[in-house]
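S.K.:
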Amino acid sequence: MGRSAKYSKEFKLSAVKLVTELGYSCRVAGEQLGCSSWSVRDWVRQFRASGEIPAAEVTDAAAQDAKAMREENARLRLEVEILKKAAAYFAKESL
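Quick note: the sequence shown uses our numbering, first residue 294, plus one each step.
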């Protein structure tokens with residue numbers, strides 16, 4: 294059997310923050326940091342259990358807020374595009 298790697302608490306916490314705060318998947322975070330996705334998933338579970346990072350419900354609420362903001366942003370961009378076209382049409386009509 295191979296010897297398992299020892300990672301510092303700071304390294305583990307940075308991996309967990311990639312997942313919880315930045316929305317990376319455990320697989321992508323593991324690839325970026327050179328460790329296994331299973332390790333990252335286990336660290337997330339451990340830090341949540343110890344209370345060092347917020348529970349999943351808190352991050353889910355933040356993710357839902359971010360999703361709602363992205364949807365509103367897309368709607369507003371569409372409205373601006375429509376208004377630009379309408380302004381161009383009416384400007385053309387007045388000439």
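Glycine is no exception: its CB is placed at the ideal position from the N, C-alpha and C atoms.
(1) Are there three or more Cβ pairs, one per stretch, closer than 8 Å when the segment 332 to 348 is compared with the segment 366 to 373?
(2) Please classify Lys310: does DSSP put it in a helix, a strand, or coil?
(3) With distances taken Cα to Cα, identify the nearest neighbour of Ala356 among Lys310, Lys299, Glu314.
(4) Determine the burial state of Val373: buried for a count of at least 16 other Cβ atoms within 10 Å of its Cβ, exposed for fewer.
(5) Among Lys310, Leu388, Met362, Lys378, whose alpha-carbon lies nearest the alpha-carbon of Glu345?
(6) Over the uninterrupted alpha helix (DSSP H) stretch that includes Ser330, give me the two end residues.
(7) Exposed or buried, what is Gly327 when buried is set at 16 or more other beta-carbons lying within 10 Å of its beta-carbon?
(8) For Lys360, does the count of other Cβ atoms within 10 angstroms reach 16, so buried, or fall short, so exposed?
M.R.: Based on what the coordinates show:
(1) Taking a contact to require three or more Cβ pairs closer than 8 Å, the segment 332 to 348 and the segment 366 to 373 do not qualify as touching.
(2) Three-state DSSP puts Lys310 in a helix.
(3) By alpha-carbon distance to Ala356, the top candidate from Lys310, Lys299, Glu314 is Glu314.
(4) Label assigned to Val373: exposed.
(5) For Glu345, the nearest C-alpha among the options comes from Lys310.
(6) Under the DSSP assignment, Ser330 falls in the alpha helix (DSSP H) whose first and last residues are 330 to 343.
(7) Classification for Gly327: exposed.
(8) Exposed, because fewer than 16 other Cβ atoms sit within 10 Å of the Cβ of Lys360.
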